[in-house]
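Trainee: My questions will all concern the structure given below.
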Amino acid sequence: MRSLGPDRPLLIVIALLVLFGLLMLYSAGQTDVPVLAAEGAWKRQLIWLGAGVILAALAFRLSPRLLEWAALPLYIFSLGLLAVTLVIGRGAGTAASSKSWIFIGGHAIGQPAELAKIAVVLMLARYLSGRREAPASLRELIPPCLLAGVPALLVLKQPDLGSALVFGGILFAMLYWAGVKPSLLFMLGSPVVSLLLAFTIWTWVTWMAILLTLMMIWRPYVAEAAGVAVLNAVMGFVAIPIWRRLEPYQQNRLLTFLNPEVDPQKAGYHAIQSKVAIGSGGWFGNGFLEGPQKRLAFLPAQHTDFIFSVVGEELGFLGVFAALVLFLIFFLVLLRIARRAVDPFSSLLVFGVTGLFGTHVFENVGMTVNLMPITGIPLPFFSYGGSFLLASSISLGLVLRAAWDARLAGYVDV
Amino acid sequence: MKEFHSFRVHERATGARLVIVGVFLLLVGAFFRTQVLDYDRFRLRAESNRLRPVPLQPARGTIYDRQGQIIAETVPGYSVALLASSTDSMRQVLDRFNKIVPLDTDAVETVLNRYLVARYQPALVLGNATREQVSRLEEHRASLPGLVIQSEPRRVYPSARAVSHLVGYVGEVTQADLDNSRYANARLGTVVGRSGLEQEYDDTLRGIPGVRYIEVDARGRLVREQGAAPPLPPVAGRSLRTTIDLPLQQFIDSIWPPGISGAMIAMTPDGQIRALYSTPSYDPNSFVGGISGSEWRSLNTDPTLPLLNRALQVRYPPGSPFKLATAAMALKLGLIDLHTHMPVPCRGGLQFGNRYFKCWNKNGHGSLDLVGAIAQSCDVYFYQLGLRLQLHALLEGGVRLGFRDRTGIDLVNEVSPIYPASTAYYDKTYGPRGWSNAVILNLAIGQGENTQTLINMLKFYSALAGSGKTATPYLVHPDSAATFDLGLTADQLEGLRTALIAVVERGTAARSRRADLQIAGKTGTAQNPHGKDHGWFIGFAPAEKPEIIVGAIFEFGEHGTVVAPYVVRAISRYLLGPDTTGTKPNIRIIAPEDSAPREVEVRPAPAAPTDSLLVPRVIPVPPPQ
Numbered sequence: 098m099r100s101l102g103p104d105r106p107l108l109i110v111i112a113l114l115v116l117f118g119l120l121m122l123y124s125a126g127q128t129d130v131p132v133l134a135a136e137g138a139w140k141r142q143l144i145w146l147g148a149g150v151i152l153a154a155l156a157f158r159l160s161p162r163l164l165e166w167a168a169l170p171l172y173i174f175s176l177g178l179l180a181v182t183l184v185i186g187r188g189a190g191t192a193a194s195s196k197s198w199i200f201i202g203g204h205a206i207g208q209p210a211e212l213a214k215i216a217v218v219l220m221l222a223r224y225l226s227g228r229r230e231a232p233a234s235l236r237e238l239i240p241p242c243l244l245a246g247v248p249a250l251l252v253l254k255q256p257d258l259g260s261a262l263v264f265g266g267i268l269f270a271m272l273y274w275a276g277v278k279p280s281l282l283f284m285l286g287s288p289v290v291s292l293l294l295a296f297t298i299w300t301w302v303t304w305m306a307i308l309l310t311l312m313m314i315w316r317p318y319v320a321e322a323a324g325v326a327v328l329n330a331v332m333g334f335v336a337i338p339i340w341r342r343l344e345p346y347q348q349n350r351l352l353t354f355l356n357p358e359v360d361p362q363k364a365g366y367h368a369i370q371s372k373v374a375i376g377s378g379g380w381f382g383n384g385f386l387e388g389p390q391k392r393l394a395f396l397p398a399q400h401t402d403f404i405f406s407v408v409g410e411e412l413g414f415l416g417v418f419a420a421l422v423l424f425l426i427f428f429l430v431l432l433r434i435a436r437r438a439v440d441p442f443s444s445l446l447v448f449g450v451t452g453l454f455g456t457h458v459f460e461n462v463g464m465t466v467n468l469m470p471i472t473g474i475p476l477p478f479f480s481y482g483g484s485f486l487l488a489s490s491i492s493l494g495l496v497l498r499a500a501w502d503a504r505l506a507g508y509v510d511v
Numbered sequence: 097m098k099e100f101h102s103f104r105v106h107e108r109a110t111g112a113r114l115v116i117v118g119v120f121l122l123l124v125g126a127f128f129r130t131q132v133l134d135y136d137r138f139r140l141r142a143e144s145n146r147l148r149p150v151p152l153q154p155a156r157g158t159i160y161d162r163q164g165q166i167i168a169e170t171v172p173g174y175s176v177a178l179l180a181s182s183t184d185s186m187r188q189v190l191d192r193f194n195k196i197v198p199l200d201t202d203a204v205e206t207v208l209n210r211y212l213v214a215r216y217q218p219a220l221v222l223g224n225a226t227r228e229q230v231s232r233l234e235e236h237r238a239s240l241p242g243l244v245i246q247s248e249p250r251r252v253y254p255s256a257r258a259v260s261h262l263v264g265y266v267g268e269v270t271q272a273d274l275d276n277s278r279y280a281n282a283r284l285g286t287v288v289g290r291s292g293l294e295q296e297y298d299d300t301l302r303g304i305p306g307v308r309y310i311e312v313d314a315r316g317r318l319v320r321e322q323g324a325a326p327p328l329p330p331v332a333g334r335s336l337r338t339t340i341d342l343p344l345q346q347f348i349d350s351i352w353p354p355g356i357s358g359a360m361i362a363m364t365p366d367g368q369i370r371a372l373y374s375t376p377s378y379d380p381n382s383f384v385g386g387i388s389g390s391e392w393r394s395l396n397t398d399p400t401l402p403l404l405n406r407a408l409q410v411r412y413p414p415g416s417p418f419k420l421a422t423a424a425m426a427l428k429l430g431l432i433d434l435h436t437h438m439p440v441p442c443r444g445g446l447q448f449g450n451r452y453f454k455c456w457n458k459n460g461h462g463s464l465d466l467v468g469a470i471a472q473s474c475d476v477y478f479y480q481l482g483l484r485l486q487l488h489a490l491l492e493g494g495v496r497l498g499f500r501d502r503t504g505i506d507l508v509n510e511v512s513p514i515y516p517a518s519t520a521y522y523d524k525t526y527g528p529r530g531w532s533n534a535v536i537l538n539l540a541i542g543q544g545e546n547t548q549t550l551i552n553m554l555k556f557y558s559a560l561a562g563s564g565k566t567a568t569p570y571l572v573h574p575d576s577a578a579t580f581d582l583g584l585t586a587d588q589l590e591g592l593r594t595a596l597i598a599v600v601e602r603g604t605a606a607r608s609r610r611a612d613l614q615i616a617g618k619t620g621t622a623q624n625p626h627g628k629d630h631g632w633f634i635g636f637a638p639a640e641k642p643e644i645i646v647g648a649i650f651e652f653g654e655h656g657t658v659v660a661p662y663v664v665r666a667i668s669r670y671l672l673g674p675d676t677t678g679t680k681p682n683i684r685i686i687a688p689e690d691s692a693p694r695e696v697e698v699r700p701a702p703a704a705p706t707d708s709l710l711v712p713r714v715i716p717v718p719p720p721q
């Protein structure tokens, strides 16, 4: 007879990732030139971890019914915080350029965006699980889109593109898990694709042709199909004016994503140095603590956003592979928990957390090899940072509770 | 909610798993490409990120004289350089540097220029730092980020000024040199020979620079000096054995009369240069590690032109020493023999056309044969000899004897002598009817349109001293430059030598005679309209079997006879060793009466007073290279 403790595979994989992360964070502080922020970050991270364990334990104790009830007040509260942040928020740490922090009495208290991510997951889980049927038309998708879209817009105003993307990731993951047809999700996402492809007329025309063909096959409501088509067309027309209104640094980030060498000393610097660090790692890396790019401060934000580049530089492809496999197991375990959850709310909650972590990992790891544009978004378990670590702890506490509930209900054997 | 029937959930979970695994594979693929496929590219990029190459200068080859004495050698020294991340920080560091080791303002600008040319390399500040400077800088290392001190070979010329024009000096290659690729395989920062032997044999002496790497951080600050990457050691240059006799060279420097500009060359009849001296000179040691701006300016603006090598780079009218060439041409053509007398005996001058050409001795020499005319340097004899040769033979003979060509000595910057190739030269200069055969008279006594370098005159005399063929002068390797044959029989050569001995025995250089050594030689005076005439003497000894030829020119040296004693002392120092010369000159220098006649203007001057025939001529002096 097995004990009815928390889900063991999840705990093990989390422990391994946390350990891996701490080691890399320790390494990030070992430099030849003083990088004050990175020095001893691992010790501070340990304190945050302690707090995180306590918060996770508390979250574990919350029953899903209580969560379902608390979702709305929490959601409204975090929207309020985001709004307040826009007014009094300030930059800090590696996110110095965006007003994402709340200060009270001169002390940085936290980044409300991290709390809002959990709130959105809870709120969407509550809304979607409360429906009889999965949303089957675009019109029915409007409420969940608004639920995720409003905080996303508030975060985008800070401006923090990375976190705003996470809301999108959460939304799409949860809609999918709620049973929304992929074709509908495709149409939902199509205006964004249209926006991105509108920079040359030929890619855009091709895109429109593909979209229209697909809609002929899928046969959605005529009005909605027309709406999607019009929206795509509008996006195509406004792309250039929107581009013009972007801040030069935002334009540069997008341009350097396409080719970092256009501005190697400034906008492309991060992308180039990160890729150089990773590429110079080879199969086996330069050895733990020994990465020259990191040691000599060529690698920017090596303890936060670009900590995965340290993995690549010091442990090589094998180290990267190990880390990615751990993440793969982590997500598969989360998926299993979501699948076996006892009720739709818990299941959606777990899958929302999967979407949250998934977006973070894909965006962060992807940007270190220039697969994704550079946005300041932390890597779970690795990057130094209190707010995100606490938010992660809470969400994992909730996931563990969902897993425990499922085991109580009869999944003990697996 | 019916979507959460386990069958439907399972279906979606499969889809979600596909997406997760797909993203995993995408990321793994991206890292595989970056880390494994593009590894070499990024490795190189990372290395060039953090490693800054510092050139290691090779030790330059030693230059020896023929006995193995050192003319130029390389000893350990220090160089000091600075690394900086920006021009501003370079300025700041230089400011602090200045307080520890004072630099002049020129030097600061030079360092900044070096920095701007190659930002990623340490900019050289002191190329030749003393041990004391280095230790003071080491003490203040904390306040001088980017300070790179390394031991660097330093060039030393023990004989300093005595050898400067012979050996040249070294310096960092300039952008202009690189642009016209004057030095093979030179890069910015390479130290190359800039004059004399150092430049001529730069390829041999220079060696191959090595490189070591220092590690810098993202802002270009020095992090690690040693062991960042394996260095490539420099390959030392090969040494050079020259034909120079350093004691002789130093002796010439020691006996040279102060305040006189000029040059002296000693060479063997087969062309080996034993001494090559020019003065005023400079200290080649002051160029080591970069000459200071003020010093360089003063060298360049000095009216005595100390950078000019008077043995190779200045043309002087050859004057009387050229009379031997006239004599050799006439002998070869069989127009005269050694004892031919000219129809008009010397009465102090010769009437030619409507002009009167003076002999240097206004009392006249009477009737002389060739030997006597050479010994007495009688101008009237040679006027007539020239007329007997006629202009074409004179020009053709001069060209044949190499008076239009460089000697081909293995030393840079030799200038070509000037000698007309044909009468077309006169047509061009004076107009087809603007000149007369009077030019012959000037040419025959080594004046007129004829200016020669000292080295080229020595080359000509090597034929007289040797087998009748000129030898190409050389210091290390004989060049394959053309040699010229006087075309004289042994008897004729012997006769000319006798005449030259007579010059020293009883002729114009009689006061230079040394009882224990028979020296053959020829005095000369070159016209200098700017002041006193230049004096020549070219002599060789022992007269019966010459081993050494020494020629000298004193600018504003009055007359050849003043020059002769110095040449004689150099010859006896070489042949008889240091004991016989003594420290005190035992040769009295007496201003002789041998004054060359004023050159006569060849242009027909319409109704001009006789005075106006004496038009000053300018000796062409090439600019220092």
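Quick note, the sequences are listed as chains U and B, same order. Numbering of the first sequence is given in my numbering, commencing with residue 98 and proceeding in unit increments. Numbering of the second sequence is given in my numbering, commencing with residue 97 and proceeding in unit increments. Glycine is no exception: its CB is placed at the ideal position from the N, C-alpha and C atoms. These numbers come from a predicted model, not from an experiment.
Going along the chain, which residues of its own chain have a beta-carbon closer than 8 Å to the beta-carbon of G384 of chain U, five neighbours each way excluded?
Mentor: Mapped onto the first sequence, residue 384 of chain U falls at position 287. Only E411 meet the Cβ criterion.
Trainee: Closest to E460 of chain U by C-alpha separation, out of U:E211, U:R223, U:F403, U:V407, would be which residue?
Mentor: To locate residue 460 of chain U, count along the first sequence from 1; it is residue 363. Cα-wise, what sits closest to E460 of chain U is U:F403.
Trainee: May I ask you to report which of helix, strand or coil DSSP gives S335 of chain B?
Mentor: By one-based count along the second sequence, residue 335 of chain B stands at place 239. S335 of chain B falls in the coil class under three-state DSSP.
Trainee: Does the Cβ of A534 of chain B have 16 or more other Cβ atoms within 10 Å, making it buried, or fewer, making it exposed?
Mentor: Position 438 of the second sequence holds residue 534 of chain B. That one is buried.
Trainee: Could you name each continuous alpha helix (DSSP H) segment of 4 residues or more that falls completely within the stretch 144-215 of chain U, going from the start of the chain to the end?
Mentor: If we require 4 residues or more, the alpha helix (DSSP H) runs fully inside the stretch 144-215 of chain U come out as 161-185.
Trainee: Verify the CB distance criterion: does Q131 of chain B have a CB-CB separation below 7 Å to chain U?
Mentor: In the second sequence, counting from the first residue as 1, residue 131 of chain B sits at position 35. By this cut-off, Q131 of chain B is an interface position.
Trainee: Anyone know if the C-beta pair for F650 of chain B and G358 of chain B falls short of 7 Å?
Mentor: In the second sequence, counting from the first residue as 1, residue 650 of chain B sits at position 554. In the second sequence, counting from the first residue as 1, residue 358 of chain B sits at position 262. Yes.
Trainee: Within its chain, find whatever has a CB closer than 8 Å to the CB of L238 of chain U; leave out the 5 residues flanking it on each side and keep chain order.
Mentor: Working through the first sequence from its first residue, we reach residue 238 of chain U at position 141. For L238 of chain U, where only same-chain residues beyond five positions count, the Cβ hits under 8 Å are P232, L272, V277, L281, L285.
Trainee: Counting only C-beta atoms, is V189 of chain B closer than 7 Å to chain U at any point?
Mentor: Within the second sequence, the letter at position 93 stands for residue 189 of chain B. By this cut-off, V189 of chain B is not an interface position.
Trainee: Are any of the Cβ atoms in chain U nearer than 7 Å to that of D379 of chain B?
Mentor: As a first step, residue 379 of chain B is located in the second sequence; it is residue number 283 there, counting from the start. So, not an interface residue.
Trainee: With a cut-off of 7 Å, does the C-beta of Y216 of chain B fall near any C-beta of chain U?
Mentor: Looking up residue 216 of chain B in the second sequence gives position 120. So no, Y216 of chain B is outside the interface.
Trainee: Let me check one thing: in DSSP terms, what residues is I645 of chain B bridge-paired to?
Mentor: For this step, residue 645 of chain B is matched to residue 549 along the second sequence. The partner list for I645 of chain B (beta bridge, DSSP) reads B:M363, B:F636.
Trainee: Tell me whether L243 of chain B sits in a helix, a strand or coil according to DSSP, three-state version.
Mentor: The residue given as residue 243 of chain B occupies position 147 in the second sequence. It is a strand residue.
Trainee: Quick check on K195 of chain B: buried or exposed, where buried means 16 or more other Cβ atoms within 10 Å of its Cβ?
Mentor: Taking the second sequence and counting its residues from 1, one reaches residue 195 of chain B at position 99. By the 10 Å Cβ count, K195 of chain B comes out exposed.
Trainee: Under a Cβ-count criterion, where at least 16 other Cβ atoms within 10 Å of its own Cβ denotes burial, should N145 of chain B be classed as buried or exposed?
Mentor: Looking up residue 145 of chain B in the second sequence gives position 49. Classification for N145 of chain B: buried.
Trainee: If I measure Cβ to Cβ from H435 of chain B and keep anything under 8 Å in the same chain, skipping five residues before and after, which residues do I get?
Mentor: Indexing the second sequence from 1 puts residue 435 of chain B at position 339. These residues qualify, in order along the chain: D465, L466, V467.
Trainee: Suppose you measure from the CA of F120 of chain B to the CA of V207 of chain B; what does that come to, to the nearest Å?
Mentor: By 1-based counting over the second sequence, the position of residue 120 of chain B is 24. By 1-based counting over the second sequence, the position of residue 207 of chain B is 111. Near 53 Å, if we compare the C-alpha coordinates of V207 of chain B and F120 of chain B.
Trainee: Among the residues of its own chain, which have a CB less than 8 Å from the CB of T451 of chain U, if the five just before and after it don't count?
Mentor: Indexing the first sequence from 1 puts residue 451 of chain U at position 354. A270, F428, L431, L432, A435, listed in sequence order.
Trainee: When DSSP labels each residue in this structure, what does K618 of chain B get in the three-state scheme?
Mentor: Here the question's residue 618 of chain B lines up with position 522 in the second sequence. If DSSP states are grouped into helix, strand and coil, K618 of chain B belongs with the strands.
Trainee: DSSP puts K454 of chain B in a beta bridge; with which residues?
Mentor: Walking along the second sequence from the start, residue 454 of chain B turns up at place 358. Note: K454 of chain B sits in a beta bridge opposite B:G445.
Trainee: Using 7 Å as the threshold, is the C-beta distance between I644 of chain B and I667 of chain B below it?
Mentor: As a working mapping, residue 644 of chain B is identified with position 548 in the second sequence. As a working mapping, residue 667 of chain B is identified with position 571 in the second sequence. Result yes, Cβ atoms of I644 of chain B and I667 of chain B sit closer than 7 Å.
Trainee: Is there a Cβ from chain U that is less than 7 Å from the Cβ of I196 of chain B?
Mentor: Indexing the second sequence from 1 puts residue 196 of chain B at position 100. Closer than 7 Å: no.
Trainee: Let's test the definition: count the other Cβ atoms within 10 Å of the Cβ of R162 of chain U and tell me whether it reaches 16, buried, or not, exposed.
Mentor: Position 65 of the first sequence, counted from the first residue, corresponds to residue 162 of chain U. So R162 of chain U counts as exposed.
Trainee: For the candidate residues B:D134, B:L342, B:R156, whose alpha-carbon lies nearest to that of P254 of chain B?
Mentor: Start at 1 with the first residue of the second sequence, and residue 254 of chain B comes out as number 158. The candidate whose alpha carbon is nearest that of P254 of chain B is B:L342.
Trainee: Does any C-beta atom of chain B lie closer than 7 Å to the C-beta of F427 of chain U?
Mentor: Locating residue 427 of chain U in the first sequence gives position 330, where the first residue counts as 1. No - not a single Cβ of chain B is within 7 Å of the one on F427 of chain U.
Trainee: Confirm, please, whether the CB-CB distance from I369 of chain B to T339 of chain B is below 7 Å.
Mentor: In the second sequence, counting from the first residue as 1, residue 339 of chain B sits at position 243. In the second sequence, counting from the first residue as 1, residue 369 of chain B sits at position 273. Against a cut-off of 7 Å, the Cβ pair of I369 of chain B and T339 of chain B comes out as a contact.
Trainee: Show which residues of chain A have a CB atom less than 9 Å away from the CB atom of E321 of chain B.
Mentor: Absent here is chain A; the protein component of the structure consists of chains U and B.
Trainee: Assuming H261 of chain B and G292 of chain B form a contact by the criterion Cβ under 8 Å, report the distance between their Cβ atoms to the nearest whole angstrom.
Mentor: Numbered from its first residue, the second sequence carries residue 261 of chain B at position 165. Numbered from its first residue, the second sequence carries residue 292 of chain B at position 196. Yes, H261 of chain B and G292 of chain B are in contact; Cβ-Cβ is about 6 Å, under 8 Å.
Trainee: Rounded to whole angstroms, what's the CA-CA distance from C474 of chain B to V658 of chain B? Just pull it up for me.
Mentor: The residue you call residue 474 of chain B lines up with position 378 of the second sequence. The residue you call residue 658 of chain B lines up with position 562 of the second sequence. The straight-line gap from Cα to Cα measures roughly 18 Å.
Trainee: Check whether the Cβ atoms of A540 of chain B and F580 of chain B lie closer than 7 Å to each other.
Mentor: By 1-based counting over the second sequence, the position of residue 540 of chain B is 444. By 1-based counting over the second sequence, the position of residue 580 of chain B is 484. The answer is no: Cβ separation not under 7 Å.
Trainee: Answer yes or no: do L123 of chain B and V462 of chain U have a C-beta to C-beta separation smaller than 7 Å?
Mentor: Sequence index remark: in the second sequence, residue 123 of chain B carries index 27 (1-based). Sequence index remark: in the first sequence, residue 462 of chain U carries index 365 (1-based). Yes.
Trainee: Along the stretch 428-451 of chain U, where does the CB come closer than 7 Å to a CB of chain B? Name the residues.
Mentor: Flagged, chain order: F428, L429, L432, R436, P441, S444.
Trainee: Give the secondary structure of D581 of chain B by DSSP, where H, G and I count as helix, E and B as strand, and everything else as coil.
Mentor: Along the second sequence, read from residue 1 onward, the residue named residue 581 of chain B stands at position 485. Three-state result, D581 of chain B: strand.
Trainee: Does the distance from the C-beta atom of V259 of chain B to that of I167 of chain B stay below 7 Å?
Mentor: For this step, residue 259 of chain B is matched to residue 163 along the second sequence. For this step, residue 167 of chain B is matched to residue 71 along the second sequence. Closer than 7 Å, so yes.
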